[in-house]
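Chemist: With the working numbering applied, the sequence shown closes on residue 529, and no number is skipped along the way. Every residue, glycine too, gets a C-beta built ideally from N, C-alpha and C. I have a structure here, written as structure tokens, and I will follow up with some questions on it.
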Amino acid sequence: MSRIVVVSNRVAVPDPARRIQAGGLAVAVNAALKERGGIWFGWSGVISPTPSDHPVVTMQKRMTYAVVDLKEHDYQEYYNGFANRVLWPILHYRVDLAEFAQADLSGYIRVNRNFADHLAKIIAPDDILWIHDYHMMPLAQYLRERGHANRIGFFLHIPMPPPDLIQALPKHGEIIGALAYYDLVGFQTQQDKENFARYLDTRGGQPSADGHSYDVAGRRVRLGAFPVAIETEAFARRARHASRSQFVKTFKESLSGRKLIIGVDRLDYSKGIPNRLEAYERFLRNAPDWHDKVSYVQITPKSRSEVPEYQEMDRFVSHKAGQINGMFSDVSWTPLRYVNRTYSRSALAGIYRAASVAMVTPLRDGMNLVAKEFVAAQDPEDPGVLLLSQFAGAAHELSNGALIVNPHDLDGMAQSLRRALEMPLRERRERYGRMMAVLEPNDIDRWAKRFLAALEDPPRPPGLPRPAVRIARRPPESARTVRG
């Protein structure tokens with residue numbers, strides 16, 4: 046059986062001393078590698094003036110972690126510049142926020158070529174590569190240029206917009222067009238898949254008879270929708286245990302019997318946090334009978350704080366939170382708690398279980414796993430209600446039980462919030478049951494297996510020769526440094 050090599054921008058090398066719980070991508074990678082073993086390759090998260098010429102390797106059980114450092118200017122141009130100030134806004138339908146600079150594009154290409162050089166030192170001809178997310182779109186092309194004929198798959202965790210927005214990206218053919226060098230490109234939703242297929246049409250791609258593959262410049266790339274999932278059963282169990290923890294007990298006592306509305310989002314303009322606060326303000330204005338009976342907790346760790354757009358949003362959200370509390374609170378009730386810190390997955394699971402309503406209302410999101418985790422965390426006997434944006438990928442799976450809202454319709458969101466708070470128990474149970482019926486059989490393990498099965502057995506066009514295979518040399522023993 047072939048070895049799996051997973052590639053992502055950041056690698057979460059386990060550190061037992063710090064006991065940091067795995068994030069979403071780490072959970073997905075573990076699901077892909079836990080049965081077969083393999084390598085997880087990517088950036089270490091370290092900025093170094095003199096990065097090593099070889100990946101630094103750590104081995105734990107059946108998994109190998111191979112990481113490289115970045116120089117400061119590489120980090121600024123590849124990560125802060127092109128990835129997060131150009132690709133991120135455009136792929137989230139916010140072309141107006143993209144700030145293109147040729148130097149940043151050059152840095153993005155340079156770092157991806159550097160990653161390809163490092164990968165060439167550790168992969169074998171029969172390895173199967175699974176590349177993750179927008180940071181590494183052209184990586185397969187650079188590996189093909191180096192002679193690697195491995196099966197290479199790509200999964201985009203964020204949205205794929207329509208062709209006219211993609212084409213707003215300068216040199217889009219060199220970046221997004223380079224996805225044609227993969228054997229399989231996976232998306233969160235059917236809509237994302239169709240948007241990319243339409244883009245390939247503009248690039249002269251020829252669809253196969255079944256519409257699942259495209260021939261582009263002598264290569265065949267297969268497209269598929271693979272909605273990313275969670276550890277449904279494990280997260281439900283985590284929530285049950287966390288609800289008995291002292292942390293959650295103390296938190297629930299602080300609510301003094303009030304119903305809890307919860308929002309958990311990284312501070313990002315795609316998450317729709319300002320719209321959500323405006324909607325909550327309208328709810329309070331229009332529903333005075335709910336004053337002192339509800340508490341809204343918005344947990345929002347800050348991110349990319351050096352980017353001006355994020356700094357401006359931080360100021361606005363902080364001001365709006367203070368404005369709401371100044372307008373509606375009294376000495377015994379604070380309607381909104383705005384918290385800028387990170388909590389463990391266990392703590393969040395317990396908070397989700399305590400909540401009557403979760404507001405997951407992004408302006409645009411590839412999937413949004415908070416929505417799925419909230420549902421999984423609920424008490425089946427007394428479940429909460431999910432308010433979910435129609436523009437979140439999760440809405441394609443959870444529309445049978447969530448209250449679907451338009452985050453641009455503030456009055457509509459305020460009305461849906463009241464409906465959620467007043468929803469009868471029987472209806473809440475029915476909605477919860479329908480959503481769990483979707484989540485339970487489609488957990489993270491099945492997601493990984495579906496993608497890898499499709500990658501290992503893609504349809505091949507008749508008569509097209511496979512590229513020549515270049516045997517990759519293993520790194521010398523001196524390069525296999527073990528951190529730890």
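Please state the DSSP three-state secondary structure of Phe271.
Modeler: Phe271 falls in the coil class under three-state DSSP.
Chemist: Assign Ser461 to buried or exposed, taking buried as 16 or more other Cβ atoms, counted over all protein chains shown, within 10 Å of its Cβ.
Modeler: Per the 10 Å Cβ criterion, buried.
Chemist: What residue range does the alpha helix (DSSP H) around Val293 cover?
Modeler: Residues Gln291 to Ser299.
Chemist: What separation, rounded to the nearest whole angstrom, lies between the Cα atoms of Ala439 and Lys417?
Modeler: Their Cα atoms are separated by approximately 7 Å.
Chemist: Do Val430 and Ala465 have their C-beta atoms closer together than 8 Å?
Modeler: Going by C-beta atoms, Val430 is nearer than 8 Å to Ala465.
Chemist: Please identify the residue among Asn129, Pro207 and Asp228 whose C-alpha is closest to the C-alpha of Pro353.
Modeler: The shortest Cα separation from Pro353 among Asn129, Pro207 and Asp228 belongs to Asn129.
Chemist: Between the stretch 209–224 and the stretch 170–183, are three or more C-beta pairs nearer than 8 Å?
Modeler: With the cut-off at 8 Å, the stretch 209–224 and the stretch 170–183 touch.
Chemist: In three-state DSSP terms, what is Met104?
Modeler: Here Met104 sits in strand by DSSP.
Chemist: Let me know if Asn385 comes out buried or exposed under the rule of 16 or more other beta-carbons within 10 Å of its beta-carbon.
Modeler: Looking at its Cβ environment, which holds fewer than 16 other Cβ atoms inside 10 Å, Asn385 is exposed.
Chemist: When you compare the CB positions of Lys116 and Pro96, do they come within less than 8 Å of one another, or not?
Modeler: In this structure, Pro96 lies closer than 8 Å to Lys116 by Cβ.
Chemist: With DSSP as the reference, label Arg265 as helix, strand or coil.
Modeler: The answer is strand: DSSP assigns Arg265 an E or B state.
Chemist: Could you tell me whether the stretch 286–301 touches the stretch 398–410, using the rule of 3 or more Cβ pairs below 8 Å?
Modeler: Segments in contact, yes.
Chemist: Span of the alpha helix (DSSP H) holding Lys417?
Modeler: Unbroken alpha helix (DSSP H) run through Lys417: Leu414 to Ala422.
Chemist: Would you mind giving the Cβ-Cβ distance between Ile275 and Ile489, rounded to the nearest angstrom? I have them listed as a contact below 8 Å.
Modeler: So it is a contact: roughly 6 Å between Cβ atoms.
Chemist: For Tyr259, list the residues DSSP reports as bridge partners.
Modeler: For Tyr259, which the question treats as bridged, DSSP gives the partners Pro252 and Val266.
Chemist: Express the C-alpha separation of Val420 and Ser434 in angstroms, rounding to a whole number.
Modeler: Each residue's Cα considered, the two are about 15 Å apart.
Chemist: Determine the direct distance from the alpha carbon of Tyr325 to that of Ser374, and round the result to whole angstroms.
Modeler: Roughly 13 Å between the two C-alpha positions.
Chemist: Quick one: measure Cβ to Cβ for Phe328 and Ala459, integer angstroms, because I've assumed they're closer than 8 Å.
Modeler: Contact flag correct, Cβ pair sits at about 4 Å.
Chemist: Quick check on the DSSP output: the beta strand (DSSP E) that includes Ser389 runs from which residue to which?
Modeler: First-last for Ser389: undefined, no H or E at that position.
Chemist: Starting from the N-terminal side, write out each stretch of the alpha helix (DSSP H) that is 4 residues or longer and does not extend beyond the stretch 284–367.
Modeler: As far as the stretch 284–367 is concerned, its whole alpha helix (DSSP H) runs of at least 4 residues are 291–299 and 318–331.
Chemist: Just the Cα atoms here: how many angstroms apart are Phe86 and Lys106?
Modeler: Rounded to whole angstroms, Phe86 to Lys106 spans 16 Å at the Cα level.
Chemist: Relative to the C-alpha of Asp456, which candidate in Asn331, Val342, Leu484 and Ala77 has its C-alpha closest?
Modeler: When only C-alpha atoms are compared, the closest one is Asn331.
Chemist: Report, in whole angstroms, the separation of the C-beta atoms of Ala437 and Pro407, which I expect to be a contact under 8 Å.
Modeler: Rounded, the Cβ-Cβ distance is 5 Å, consistent with contact.
Chemist: With a threshold of 16 other CB atoms inside 10 Å of the CB of His193, please say whether the residue is buried or exposed.
Modeler: Per the 10 Å Cβ criterion, buried.
Chemist: Under 8 Å between the Cβ atoms of Arg474 and Gly446?
Modeler: Contact flag unset, no.
Chemist: Classify His336: buried if its beta carbon has 16 or more other beta carbons within 10 angstroms, exposed otherwise.
Modeler: With fewer than 16 other Cβ atoms within 10 Å, it is exposed.
Chemist: In three-state DSSP terms, what is Phe373?
Modeler: It is helical.
Chemist: Which same chain residues, not among the five before or five after Glu323, have their C-beta less than 7 Å away from its C-beta?
Modeler: Correct list, in chain order: Leu455.
Chemist: Please report how far the alpha carbon of Ala165 lies from the alpha carbon of Leu300, in whole angstroms.
Modeler: Near 55 Å, if we compare the C-alpha coordinates of Leu300 and Ala165.
Chemist: Where does Ile173 sit, in a helix, a strand or coil, going by DSSP?
Modeler: Here Ile173 sits in strand by DSSP.
Chemist: Drop a sphere of 10 angstroms on the beta-carbon of Pro380, count the other beta-carbons inside from all chains shown, and report buried for 16 or more, exposed for fewer.
Modeler: By the neighbour-count rule (16 or more Cβ atoms within 10 Å), Pro380 is buried.
Chemist: Identify every run of the beta strand (DSSP E) within the stretch 204–236, keeping only runs that are complete inside it and at least 3 residues long; order them along the chain.
Modeler: Qualifying beta strand (DSSP E) stretches, in chain order: 229–232.
Chemist: Roughly how many angstroms separate the alpha carbons of Asp237 and Asp313, rounded to a whole number?
Modeler: Computed Cα separation, rounded: 21 Å.
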